Amino acid sequence: MPQVDDPAAPRIAVVGATGAVGGTLLELIEDRALPYRRLHLVASARSAGRTIRVDGRDQRVTALDRFAFGAVDAALFCAGEQVSREWVPVAVAQGALAIDSTSAFRMTPGTPLVVPQLNAAELGRRPAGGVIAVPGAAAVPVVRVLRDVERRWGIRRIVVSTYQGASGAGHGGIEELQDGSRTVLQDPQATVPSAQFSPPLAFNVLPGIGDVLEDGSTLQEREVADEVRKVLGLPGIEVTATCVRVPMVSGHGAAVWVQCRSAVDRAELVALLRALPEVVVHDPGGPTPAALGDPDQLHVGRIRVSATAPEGFWLWLATDNLRVGGALDAVRIVEELLARGTL
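At the far end of the sequence shown sits residue 343, using full-length UniProt numbering, and the numbering has no gaps.
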């Protein structure tokens, strides 16, 4: 649905409209016919003045430091953690509801961390702090497949190993991987760009994402564990993660080991996964991030229950990280708010 002349339709700003997630968000607003009265595209000063075509109209990008958030009902932030930390409070103070896709406020007490397929009830009222957080693309697939597992068998422990493409670092990460790959193909001994990824990502695998903490884990690994606990409502559950950057442009994969409280029947597990909304089960087989089919679905395969300890099983998850756990979740939150009359 294009822009509508309806006072009940929301006025929306997309902050980070020229970025990788922002561009996907605009595509989804158009593809899903999200109704809006006005749509404002906001980005850094260096992107101001650019035009982006949305719903058949050329929309001009406004500089963030010149934008008045009092002109919108909802501001969708996808411009990075530092931008959100600085500007989400400004947006909220000016009366906008902030829907934040970064890590800035996910663990803030009182801020709902929403996966619409699981806890949309959190959207039944406007949060007191004015912020709704979207979990990270590494955590969303895990919680979506394990909520019903926990209800059926109980969960003692979750071990997650993620394999994340360059798009998790935005357009800059994508461009550096592409430039580095061309450089290595032309001259394997050449110096490869490493501003976004160090060591360089081209033809490489980097066994860590984010700053290294005192215990040897990385910040993103801690974030994945914390977000899984918060969304599942299991603050005491043991969750550990290893986040790995791999040399593909976009897409995330994850190997997940789950130890339950009682023995798991594989056929029942497969049936449970097949019944989940917007989940595609590949059995037998294992989906790859580069060939997902429907990028708006969560793809599950490699389903293996341990023969020696049937309380444990493995899953392989594959997603388009710019959509699942990114732009699509933000748009779905807006849709839910509109359906509930809370926006």
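C-beta: ideal position from N, C-alpha, C; glycine also.
Just so you know, these numbers come straight off a predicted model, no measurement behind them.
Which whole-angstrom value describes the C-beta separation of residue i and residue j, a residue pair presumed to lie in contact below a C-beta threshold of 8 Å?
i: residue 373; j: E311; result: As shown, the chain starts at 1 and ends at 343. That puts residue 373 outside it, with no answer to give.
i: A318; j: H299; result: 5 Å
i: P135; j: V279; result: No, P135 and V279 are not in contact; Cβ-Cβ is about 16 Å, not under 8 Å.
i: E81; j: A104; result: 5 Å
i: L118; j: R144; result: 7 Å
i: L177; j: L201; result: 5 Å
i: D283; j: V270; result: 6 Å
i: W314; j: A255; result: 7 Å
i: S101; j: V21; result: 6 Å
i: C30; j: D6; result: At residue 30 the sequence reads Glu, which differs from the Cys that was named. About 18 Å; that fails the 8 Å criterion.
i: V42; j: T62; result: 5 Å
i: Q3; j: L39; result: 7 Å
i: A133; j: R106; result: 4 Å
i: W316; j: G293; result: W316 to G293, Cβ: 15 Å. No contact.
i: Q249; j: S167; result: A small correction: the amino acid at residue 249 is Val; Gln does not occupy that position in the sequence shown. The Cβ separation is near 6 Å, so the contact holds.
i: V142; j: V246; result: With 8 Å as the limit, V142 and V246 do not qualify as a contact, their Cβ atoms being about 18 Å apart.
i: I237; j: I155; result: 6 Å
i: E336; j: A120; result: 5 Å
i: I158; j: V281; result: Their Cβ separation, rounded to whole angstroms, is 19 Å, which puts I158 and V281 out of contact at 8 Å.
For residue i, count neighbouring Cβ atoms within 10 angstroms of its own Cβ and tell me buried if that reaches 16, exposed if not.
i: T111; result: buried
i: S262; result: exposed
i: A267; result: exposed
i: P109; result: exposed
i: F203; result: exposed
i: T18; result: buried
i: T191; result: exposed
i: L273; result: buried
i: Q196; result: buried
i: T342; result: exposed
i: Q220; result: buried
i: E214; result: exposed
i: G95; result: exposed
i: P116; result: buried
i: A13; result: buried
i: P10; result: buried
i: V239; result: buried
i: V212; result: exposed
i: I277; result: One point to set straight first is that residue 277 is Pro, not Ile, in the sequence displayed. Exposed, since its Cβ has fewer than 16 Cβ neighbours within 10 Å.
i: L185; result: exposed
i: G251; result: buried
i: P188; result: exposed
i: G173; result: buried
i: P235; result: exposed
i: E86; result: exposed
i: E8; result: The sequence shown places Ala at residue 8, not Glu. Exposed: under 16 other Cβ atoms inside 10 Å.
i: P57; result: For the sequence presented, residue 57 should be read as Arg rather than Pro. Burial call: exposed.
i: residue 386; result: A question about residue 386 goes unanswered here, because the residues of the chain that appear run from 1 up to 343.
i: P289; result: buried
i: D65; result: exposed
Considering only DSSP beta bridges, list what residue i is partnered with.
i: I29; result: Its beta-bridge partners do not exist; DSSP assigns none.
i: Y163; result: V244, G253
i: H40; result: A13
i: E238; result: R157
i: C260; result: I155
i: I52; result: Q59
i: L113; result: A133
i: H299; result: V280, A318
i: T218; result: V212
i: A74; result: I12, L97
i: F313; result: V258, V305
i: L343; result: According to DSSP, L343 bridges with nothing at all.
i: L206; result: R245
Compute the minimum distance between the beta carbon of residue i and the heavy atoms of the ligand ADP, and state whether it is under 8 Å.
i: G301; result: This structure lacks the ligand ADP, and indeed carries no ligand of any kind.
Is residue i close to chain D? Criterion is C-beta to C-beta, closer than 9 Å.
i: P287; result: The structure shown contains no chain D, having only a single protein chain.
(message) Check whether the stretch 220 to 238 and the stretch 157 to 166 are in contact - that is, three or more C-beta pairs closer than 8 Å.
(response) yes
(message) When you compare the stretch 324 to 338 with the stretch 137 to 144, are there three or more beta-carbon pairs, one atom per stretch, that lie closer than 8 Å?
(response) yes
(request) Inspect the CB distances between the stretch 25 to 42 and the stretch 328 to 340 and report whether three or more fall short of 8 Å. (result) The stretch 25 to 42 and the stretch 328 to 340 touch, with no fewer than 3 CB-CB distances between them shorter than 8 Å.
(request) Count the CB pairs spanning the stretch 70 to 84 and the stretch 46 to 56 that are closer than 8 Å, and state whether there are at least three. (result) no
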